[in-house]
Amino acid sequence: MTESGATEATPVVGRFAPSPTGRMHAGNIYAALIAWLVAKSQGGRMVLRIEDLDRERSKAAYIDQIQRDFEALGLFWDEGPYFQHDRDEAYAEAFARLEAQGLLYPCFCTRADLHAASAPHRGEKLIYAGTCRHLLAAEVEARRAAGRTPGWRAAVDGRMIAFEDLVQGYYAQKLDRDCGDFLIRRSDGAFAYQLAVVVDDAAQGVNSVVRGVDLLCSTPQQRYLQDLLGLPHPAYAHVPLLVAEQDRRLSKRDRDAALDELLARFGSPRAVIGHIAAVAGLVPEEAPATPEELLKDFSLERFRDGLPDLVQIPWRS
């Protein structure tokens, strides 16, 4: 068994999974770099998946730019790109399997309803109060007749979902208390991220998921769906977030440490990678480097043990 949970007969398969809603920033590059290093340090390969479920915000220009940026930074992939906009049939099949198990129900709650009725979760997530879970058939039909289109939620029970994260260590949630019933399909018909990512990881053979610690609290939902659909569990490694002043997350919207600005400041992709590697503690001193050069001294264990903080790393601008 390898660090990422693959066997000798099943090589490590990691993934890049960017959303094409803006230019990459330092935080995106950092997470992608660690994902690449984790897979390649174990002789694995990388899949590129474009997560464009949000059709309104996803732009073709960003899709092209992301691929050029990855290549310029030396973060090459071995398979793909795959696009979520091509995968509705696979998501619909998984949706039907969950529906056949009696685990889905229509939800008419608006965003305002959710914020008014939900309790804050640790981190950023809100727990759904179950408002629509026990609606009678007549109530559902009346709301439909009034022109309201529901989303669909997966009902959870009181089971405990626990796993060992390769960076954060032991993590557990009691689903009904810490998670709540969660969205599977939106009211506009689009499939939700939790379902799509589970179906895609299984179909693309991904068994090593490296991403930001802000997504740690979503992982029990994904493992729950994997259990219900009979899909394998990848190994998960949730890395600290690069944060700006006052612990604010780097953001595409705010153009925090955007790649074009980094290239203008540092002058080359190698210098950008070298700076991010130094900020993240991958190397003791800042110097231009490629991912291939960083790979020579990388191990997941050494990376994890060298982190001063498992949650956030201040970005040096």
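In the working numbering, the protein residues as written are 4 to 320. Ideal placement from N, C-alpha and C gives every residue a C-beta, glycine not left out. These numbers were taken from a predicted model, which means no experiment stands behind them.
Can you grab the Cα-Cα spacing for the pair Asp184 / Glu289, in whole Å?
-> Using only the alpha carbons, I get a separation of about 46 Å.
Name, in chain order, the residues that DSSP records as bridge partners for Pro14.
-> Beta-bridge annotation (DSSP): Pro14 is not paired with any residue.
For Trp155, does the three-state DSSP call read helix, strand or coil?
-> DSSP places Trp155 in strand when its eight states are reduced to three.
With 8 Å as the threshold, decide whether the Cβ of Asn210 is near any Cβ in chain D.
-> Absent from the structure: chain D. Only one protein chain is present.
At which residues does the alpha helix (DSSP H) containing Asp300 begin and terminate?
-> Unbroken run through Asp300: none, as it is neither H nor E.
Does the distance from the CB of Val202 to the CB of Ala93 come in under 8 Å?
-> Yes.
In three-state DSSP terms, what is Phe111?
-> Here Phe111 sits in coil by DSSP.
Opposite Glu92 in the DSSP bridges: which residues?
-> Secondary-structure assignment with DSSP links Glu92 through no beta bridge to anything.
Could you name the residues of the same chain whose beta carbon sits closer than 7 Å to that of Tyr33, not counting the 5 residues immediately before and after it, in chain order?
-> Counting only residues of its own chain and dropping the five nearest sequence neighbours on each side, Tyr33 has a CB closer than 7 Å to the CB of Leu245, Ile279, Ala283.
Expected contact under 8 Å - CB spacing of Ala205 and Pro235 to nearest Å = Yes, Ala205 and Pro235 are in contact; Cβ-Cβ is about 7 Å, under 8 Å.
Where Asp181 sits in the DSSP three-state scheme = Annotated three-state conformation of Asp181 is helix, per DSSP.
Using 10 angstroms around the beta-carbon of Pro243, count the other beta-carbons present and answer buried if the total reaches 16, otherwise exposed.
-> Pro243 comes out buried.
DSSP on Ala260, reduced to helix/strand/coil?
-> Coil, per DSSP.
Out of Gly25, Ala99, Thr152, Val41, point me to the one whose CA is closest to Ile3's CA.
-> With the chain covering 4 to 320 only, the question about residue 3 has no answer from this structure.
Among all the DSSP beta bridges, which residues are the ones paired with Gln176?
-> Looking at the DSSP output, Gln176 sits in a beta bridge with Ile164.
Under the three-state reduction of DSSP, which class applies to Ser22: helix, strand or coil?
-> The answer is coil: DSSP assigns Ser22 none of H, G, I, E or B.
Grab the span of the alpha helix (DSSP H) containing Arg146 for me, first residue to last.
-> Arg146 -> alpha helix (DSSP H) spans 140 to 148.
Assign Ala175 to one of two classes, buried (16 or more other C-beta atoms within 10 Å of its C-beta) or exposed (fewer than that).
-> The C-beta of Ala175 has fewer than 16 other C-beta atoms within 10 Å across all chains shown, which makes the residue exposed.
Spatially closest choice to Gly47 from Asn31, Pro21, Asp67, Pro14, by CA coordinates = Ranking Asn31, Pro21, Asp67, Pro14 by Cα distance to Gly47 puts Pro14 first.
Cβ neighbours of Arg151 in the same chain (closer than 7 Å, five flanking residues each side left out) = Apart from sequence neighbours up to five positions away, the residues of its chain that approach Arg151 with a beta-carbon distance below 7 Å are Phe111, ordered along the chain.
By a C-beta neighbour count over all protein chains shown, 10 Å radius and 16 as the cutoff for buried, is Pro123 buried or exposed?
-> Its pLDDT being 43, under 50, Pro123 is placed unreliably by the model, and nothing is read from it.
Outcome for Ala97 when other beta-carbon atoms lying within 10 angstroms are tallied against a minimum of 16 | Buried, by the Cβ-count rule.
Roughly how many whole angstroms lie between the Cα atoms of Gly133 and Pro109?
-> It is roughly 11 Å from the alpha-carbon of Gly133 to the alpha-carbon of Pro109.
Using CA coordinates, which residue listed in Glu296, Ala240, Gly215, His28 is at the minimum distance from Ala261?
-> Nearest to Ala261 by alpha-carbon distance, out of Glu296, Ala240, Gly215, His28, is His28.
Residue nearest to Pro21 in terms of C-alpha spacing, selected from Asp57, Ala141, Lys299 = That would be Asp57, whose Cα lies nearest to the Cα of Pro21.
How do the segment 260 to 274 and the segment 35 to 50 stand: do at least 3 beta-carbon pairs fall below 8 Å, yes or no?
-> Contact fails between the segment 260 to 274 and the segment 35 to 50, because fewer than three Cβ pairs, one in each stretch, are under 8 Å apart.
Leu76 beta carbon less than 8 Å from that of Ile276 = With a cutoff of 8 Å on beta-carbon distance, Ile276 and Leu76 are scored as near each other.
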